[in-house]
Structure formats: C-alpha cells, structure tokens
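Asker: Quick one: structure below, then a few questions.
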Amino acid sequence: MLKVYNTLTGEKEKFETVEAGKVKMYVCGLTVQNYSHIGHIRSAINYDVIRRFLEYSGYEVDYISNFTDINEKIVKRAEEEGLTPSELADKYANAFLEDIREFNIKAADKYLRVSENIDEIIEMVATLIEKGYAYEVNGNVYFSVESFDDYGKLSGRSLEEMQAGARIAVQEDKENPLDFALWKKVEKGEGWDSPWGEGWPGWHIECSAMSMKRLGATFDIHGGGVDLIFPHHENEIAQSEAYSGERFVNYWLHNGTVNLSGEKMSKSQGNFFTSREVLKEFSGQEVRYFLLTRHYRSPIDFSYEKLEEARTSLARIKNTRSQLAKVLSLDINSASREGSGKKFFERVIEKQKTFIEALNDDFNTAEAIGVLHDLVGEINSYINQKEFTLNEKNFAILEETEEVFLELAEILGLEFEIESDSVVDNDLVEPLINLLIELREQARENKNWEEADLIRDRLKEIGIEVTDTPRGVEWKVKEKIKAKNNIRKITE
RNA sequence: GGCGGCAUAGCCAAGUGGUAAGGCAGAGGACUGCAAAUCCUUUAUUCGUCGGUUCAAAUCCGUCUGCCGCCUCCA
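In UniProt numbering, the protein residues as written are 1 to 492.
Next comes the structure, spelled out in structure tokens:
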C-alpha cells in the first residue's frame with residue numbers, strides 16, 4: 001500500500017485517488033528564461049520516478065507540467081539576447097526538453113504555457129472579483145488574503161504571524177500587504193487585453209487556471225520544490241479553492257533543494273551548475289543515480305566528488321547487468337546436474353518485494369537503491385561461484401532474474417545498455433577488437449605475458465577494458481568515453 | 001525577529017519504539033601468470049549535547065549547540 005507524505009497535513013497518508021485507477025498530477029515547471037540547472041533536474045527526476053512508480057503500480061497517470069513564458073525576467077532576458085520574449089521562451093523550453101532526455105526523464109503528457117491560456121486566467125480572475133475574493137485598483141487585480149479563511153494552511157502560518165514579521169514592502173494600492181497580484185498592469189503593447197486594461201497574469205494564477213482546466217477542480221498530486229510552498233502554492237490554494245469552492249489538491253509533495261557547500265543552488269544567487277556543464281563530465285545516468293541516493297524531501301549537497309563516488313557505485317550495478325547478459329548468452333550445458341538455483345531465486349523475489357515496499361513508503365529511492373545493491377550482491381555471488389554452470393533449470397531462473405532486475409531499475413529510470421555493444425556501432429570495430437583479443441589469447445597460451453599485457457594496456461589506453469573472467473575473456477568500453485559521446489550528441 | 005526542517009562510521013546515506021540497510025574509501029583473504037572484476041571477512045556497543053518517559057529510544061518529550069530552508073524571484 002502506497003503512503004505519501006503530504007505537506008498539507010505534515011504526515012504520511014494512505015494514497016487514494018479521486019478517480020479509481022487514475023492519478024492526475026501537476027508539477028510546477030520552470031520559467032523558461034535560461035538553461036536548466038541541477039536543482040530543476042532533481043525536481044524533474046524526482047517526479048519522474050514518482051510517475052514511473054505509479055504507472056508500475058497500475059495507475060493510469062496524467063502528468064502535467066508548465067512553462068512560465070510571460071514575466072519581467074523573460075522580457076529582460078529576451079532583450080539581452082536580442083530575441084522576442086516568445087522566441088526566448090521557445091528556445092529555453094526546447095533546451096529543457098533536450099536536457100531531460102539526457103537524464104532519461106519522461107516528458108510530461110502536456111506542458112501548459114501561460115501565453116496559451118490567457119482566456120482561462122481572465123475568466124478565473126473575473127470570477128474571483130465577482131465572488132468578492134479579489135479587487136481591482138488602477139488596472140491591477142489583487143487577491144484579498146483576508147477573504148479566504150484557510151489562508152496559511154499549507155505553509156503552517158497565520159496571517160497575524162506573517163504580518164508581524166513581514167518584510168514585504170507595503171504597496172500603496174493593496175488592502176493588505178500580503179495580498180498578491182492576480183493581474184498586473186503593463187505598458188501598452190506589451191500585454192494582453194482584459195476587463196481591467198492591458199496586463200499580464202500574476203505569477204500564481206497560471207498554475208491554478210491551467211491545472212484545473214486540464215485536471216479538474218480537485219486532483220491528486222501537486223508537486224514542486226520546497227521553496228514553492230510559500231507563497232506560490234499557498235496562493236494557488238487560496239485562489240483555486242475560492243474560485244471553485246472545492247478542495248484543490250489532495251496531496252502536496254515537495255522535493256528538497258540541491259545545495260552547493262550547504263547553500264541552496266539558485267539562479268539568483270549565482271551558485272549553480274547547469275545540467276549542460278555537468279553533462280560534460282558525467283552521464284545523465286550517473287547524475288540521476290546520485291540524486292536518487294538521497295530521499296527526495298531532504299536537501300542534497302552537490303559536488304563532483306560525490307558524483308565520482310556515484311559513478312563507481314553505479315558501475316557495480318551496470319557490471320552485474322553486463323555479466324548477467326553474458327551468462328545468459330553462454331551455451332547451455334544439458335548434462336549439468338548442478339543446482340537449480342531455486343533458493344537463489346527466492347532471495348531475488350524477496351529483494352523485489354523489499355524494493356517495492358521501499359517505494360511504497362513515500363518513494364524512498366535511497367532505500368530502494370540499497371536493496372538494488374543487495375540484489376546485485378545476490379546475482380554476483382550466484383553467477384560467479386566456482387562450480388557455476390548454465391543448465392536448463394537455472395537458465396530459466398536467470399532469465400526471470402534479469403527481468404526483475406531490469407524492471408526495478410527502470411522504475412528508478414536506470415536503463416542499462418549491455419556495455420560491450422553500447423558505443424560500438426561500427427561493424428568494423430567489434431571484429432577488430434575480437435581479433436586483438438584472439439591474438440592476446442594466443443600470446444597467453446604461449447606464456448608470452450609481455451605481448452598479452454601490451455595488447456591489454458594499449459586497448460585500455462584507447463578506452464577498452466579487457467578482463468579475464470572464469471567464463472573467458474570479456475571486454476567493455478570505459479565510462480568516460482561514453483560520457484563524452486553524450487555531450488557530442490547535445491552540442492551538435 | 002517569526003515559522004519549519006535537519007544532525008547516524010573517514011565520506012555519502014536508509015532506518016520514527018524492539019536492539020544500527022546499502023554505497024564509497026580502507027584492511028585482510030580467495031581467484032588470477034599479473035591485473036581488473038567478483039566473492040568471503042573486517043570497519044558505529046552506538047546514532048550532535050544534557051535530561052525525561054518506557055520493560056525497551058537513533059526513533060517519543062523537553063533543553064542546549066550547530067547547520068539549513070521559507071518569510072523577496074526561485075525546482
């Protein structure tokens with residue numbers, strides 16, 4: 001049974017959907033004004049795993065996100081780059097979609113754009129005025145926080161507390177300094193026509209209008225970074241529930257920040273790594289793995305040293321995937337009377353169960369990865385034991401083990417290519433390597449160690465690792481080469 | 001100043017009442033011509049501090065210390 005931590009109640013709750021078998025989720029996306037950084041990617045990966053796990057659990061998921069393509073920052077950045085605001089937004093929205101592919105993040109079912117939903121937003125603002133929750137002053141429309149009794153229920157603060165410690169500059173035309181804009185007046189020619197004159201939607205209203213339009217007045221999951229709890233999500237709740245008179249969202253999920261030396265990575269602070277610069281050094285897979293080793297609600301400290309460790313740790317899992325594939329490609333020894341592997345398979349199934357339980361407990365990917373390593377240990381022990389031979393019985397069991405292993409990895413979005421084949425797409429290369437390996441084998445048979453080692457060392461220099469296993473010689477392409485190939489893909 | 005969170009081995013990290021997962025690094029052994037990989041063993045009598053509750057606490061309560069987030073744009 002799935003339990004999720006709900007920011008609204010501060011507790012882990014049993015997960016029940018509005019509509020049986022269907023999950024409607026909305027995740028706050030980004031303002032498309034620049035390239036994405038690792039903080040954005042953590043959020044995207046987090047909700048991607050949640051989505052994958054929900055799908056694995058049998059739900060049909062409608063996963064919606066947004067691109068904020070109208071605001072001051074976009075206009076300013078567009079001027080800097082000599083583009084129109086909409087060109088700039090397109091450029092960075094497309095860049096984001098390219099980036100998430102590198103991290104194996106599934107695209108949302110729909111990315112809603114503010115500029116394409118102005119009518120809905122205007123309708124919503126007008127209704128809020130009608131119902132007495134909002135007021136217009138000089139072409140600006142504000143939401144009156146005092147008119148909404150539950151204001152503060154998500155972030156756990158009261159109006160009195162907030163007013164006491166307010167650091168918000170008092171704005172003349174607001175009735176209460178905490179009132180927030182639903183519609184902002186702008187210069188002629190820059191905005192959209194509305195009953196209150198030309199303007200732009202306020203920041204919070206877009207998510208409310210667009211999510212309700214697509215998912216209905218009440219939907220299951222709304223996610224985003226912890227830094228959005230207040231004021232963004234608090235305001236979304238206020239305006240949405242005031243508008244519809246119904247509960248807006250059942251489960252509010254918030255992921256922790258990515259930190260650099262303990263400080264939150266953020267654009268405005270200037271302390272951030274863009275996804276693109278990180279991808280020059282590490283594969284998307286490695287970054288993804290690293291981010292998932294920490295529970296999603298906790299902050300995570302980012303560094304290249306930590307990524308190096310993650311690379312080594314992930315390599316252990318990848319190595320097992322390759323070995324398993326190689327074992328399954330061996331000839332079956334039908335005369336073998338060795339064990340059937342039944343006990344081994346029981347342990348595999350047990351690990352599978354534990355893995356699923358971990359994710360059922362508020363998507364605990366850190367624990368799940370631990371279990372994946374347990375499973376790797378089981379597989380390694382089994383296929384590397386001295387007396388191991390492949391026979392009909394354990395072949396079937398190992399095939400099923402491979403299935404389980406890949407299935408679990410895929411929930412985390414980890415997909416492994418079989419390493420020896422992954423980069424070699426040239427029909428010439430593979431036979432050539434095999435030829436060199438044959439020569440080395442001959443040298444070894446003649447105990448010509450010098451020549452054998454020379455071949456191994458030279459291959460290593462060009463990025464091909466040769467290993468002698470109990471099953472014979474195996475080779476694979478080293479990680480760094482592959483990471484570089486990834487970069488080439490996105491920069492070309 | 002207000003509200004909230006976190007503190008677990010050399011490092012990273014799970015664990016929210018029943019006696020400390022997992023990874024990285026380190027040590028020893030097996031295997032190997034050597035190496036790599038892999039396997040086995042080993043590395044916290046203890047979970048920031050001081051108290052309290054309980055038969056039992058890393059887990060609950062209080063205290064202190066340190067760090068972080070939000071209160072302004074933010075994933």
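Cβ atoms here follow ideal geometry from the backbone N, Cα and C, with glycine treated the same way.
Counting pairs of Cβ atoms below 8 Å between the region 130-147 and the region 192-204, do you hit three or more?
Answerer: A contact exists between the region 130-147 and the region 192-204.
Asker: My assumption, with CB atoms under 8 Å, is that N104 sits in contact with G284. Please give the rounded CB distance.
Answerer: Contact flag correct, Cβ pair sits at about 6 Å.
Asker: Which of helix, strand or coil does DSSP assign to F290?
Answerer: It is helical.
Asker: Find out if the Cβ-Cβ distance for the pair M124, S208 is shorter than 8 Å.
Answerer: It is a contact, given that the beta carbons lie within the stated cut-off.
Asker: Fully enclosed by the region 107-159, which alpha helix (DSSP H) runs are 4 residues long or longer?
Answerer: Whole alpha helix (DSSP H) segments, 4+ residues: 118-130.
Asker: Between the C-alpha atoms of T218 and H232, what's the straight-line distance to the nearest angstrom?
Answerer: Using only the alpha carbons, I get a separation of about 18 Å.
Asker: Between T257 and D301, what straight-line distance do the alpha-carbon atoms span, to the nearest angstrom?
Answerer: If I take the Cα positions, the gap works out to 9 Å.
Asker: Nearest CA to the CA of G377: which residue from D427, E430, L390 and R316?
Answerer: The option with the nearest alpha carbon to G377 is R316.
Asker: Check the C-beta distance from V114 over to E206 and give it rounded, since I have them as a contact under 8 Å.
Answerer: Indeed they touch by this definition, with Cβ atoms about 5 Å apart.
Asker: Can you check which of these residues, L414, E417 and G472, is closest to N434 by C-alpha distance?
Answerer: Looking at the Cα atoms, G472 is the closest of the given residues.
Asker: Express the C-alpha separation of L182 and F282 in angstroms, rounding to a whole number.
Answerer: Going by the C-alpha atoms only, they are around 42 Å apart.
Asker: May I ask whether a heavy atom of the ligand ATP can be found less than 7 Å away from the beta carbon of E309?
Answerer: Here there are no bound small molecules, and the ligand ATP is not part of this structure.
Asker: Taking buried to mean at least 16 other C-beta atoms within 10 Å of its own C-beta, is residue 495 buried or exposed?
Answerer: Outside the modelled stretch of the chain, which goes from 1 to 492, sits residue 495, for which no answer is possible.
Asker: On the CB-based measure, 16 or more other CB atoms within 10 Å of its CB, does T469 come out buried or exposed?
Answerer: The residue is exposed, with fewer than 16 neighbouring Cβ atoms inside 10 Å.
Asker: Could you check the C-alpha separation between K174 and I229 for me, to the nearest Å?
Answerer: Taking the straight line from one Cα to the other gives about 22 Å.
Asker: What's the gap between the Cα of R347 and the Cα of A396?
Answerer: Whole-angstrom Cα-Cα distance: 16 Å.
Asker: Check whether the Cβ atoms of M210 and N94 sit closer than 8 Å, and answer yes or no.
Answerer: Not closer than 8 Å, so no.
Asker: Measuring CA to CA, which of E234, F272 and L2 is closest to L154?
Answerer: That would be E234, whose Cα lies nearest to the Cα of L154.
Asker: In angstroms with no decimal places, state the Cα-to-Cα distance between G39 and T354.
Answerer: Between G39 and T354, the C-alpha separation is close to 29 Å.
Asker: Spell out the partners DSSP gives I221 in its beta bridges.
Answerer: In DSSP, I221 forms a bridge with M25 and Y251.
Asker: Reducing DSSP to helix, strand and coil, say where D421 ends up.
Answerer: Only weak support is given to the placement of D421: the predicted model assigns it a pLDDT of 44, under 50, and the value that follows is read from those uncertain coordinates. Note: D421 maps to helix in three-state DSSP.
Asker: Return the residue from the list E98, S86 and K91 that minimises the CA-CA distance to E116.
Answerer: Ranking the options by Cα distance to E116, first place goes to S86.
Asker: What does the alpha-carbon distance come out to for the pair K460 and V466?
Answerer: Using only the alpha carbons, I get a separation of about 7 Å.
Asker: In terms of residue numbering, what span does the beta strand (DSSP E) encompassing G199 cover?
Answerer: Its beta strand (DSSP E) spans residues G199 to P201.
Asker: With DSSP as the reference, label I70 as helix, strand or coil.
Answerer: DSSP places I70 in coil when its eight states are reduced to three.
Asker: Note down the Cα distance separating E11 from Y5, rounded to an integer number of angstroms.
Answerer: Cα to Cα, E11 sits roughly 5 Å from Y5.
Asker: Whose C-beta lies closer than 8 Å to the C-beta of S298 among residues of the same chain, with five residues either side of it excluded?
Answerer: Within the same chain, S298 has close Cβ partners G256.
Asker: For the structure I just gave you, are there three or more beta carbon pairs, one from the region 398-413 and one from the region 437-444, closer than 8 Å?
Answerer: No contact exists between the region 398-413 and the region 437-444.
Asker: How about the region 329-337 and the region 268-283: do they share at least three Cβ pairs that are nearer than 8 Å?
Answerer: No contact exists between the region 329-337 and the region 268-283.
Asker: Of the choices T389, I369 and F15, whose alpha-carbon is the least far from that of D331?
Answerer: Residue T389 is the option with its Cα nearest to D331.
Asker: On the three-state DSSP scale, how would you describe K267?
Answerer: In this structure, K267 counts as coil in the three-state DSSP scheme.
Asker: Using 8 Å as the threshold, is the C-beta distance between Y63 and M25 below it?
Answerer: Yes, the Cβ-Cβ distance between Y63 and M25 is below 8 Å.
Asker: Do the CB positions of Y92 and N34 come within less than 8 Å of each other?
Answerer: Yes; because the gap between Cβ atoms is below 8 Å, this pair is in contact.
Asker: Tell me T31's beta-bridge partners as DSSP assigns them.
Answerer: Partner(s): T68.
Asker: Thinking F88 and E81 are a contact (beta carbons under 8 Å), I'd like their distance in whole angstroms, please.
Answerer: According to the sequence as given, residue 88 is Leu; it is not Phe. With 8 Å as the limit, L88 and E81 qualify as a contact, their Cβ atoms being about 6 Å apart.
Asker: One question on the structure: do E417 and L279 come within less than 8 Å of each other, judged by their Cβ atoms?
Answerer: No. Outside cutoff.
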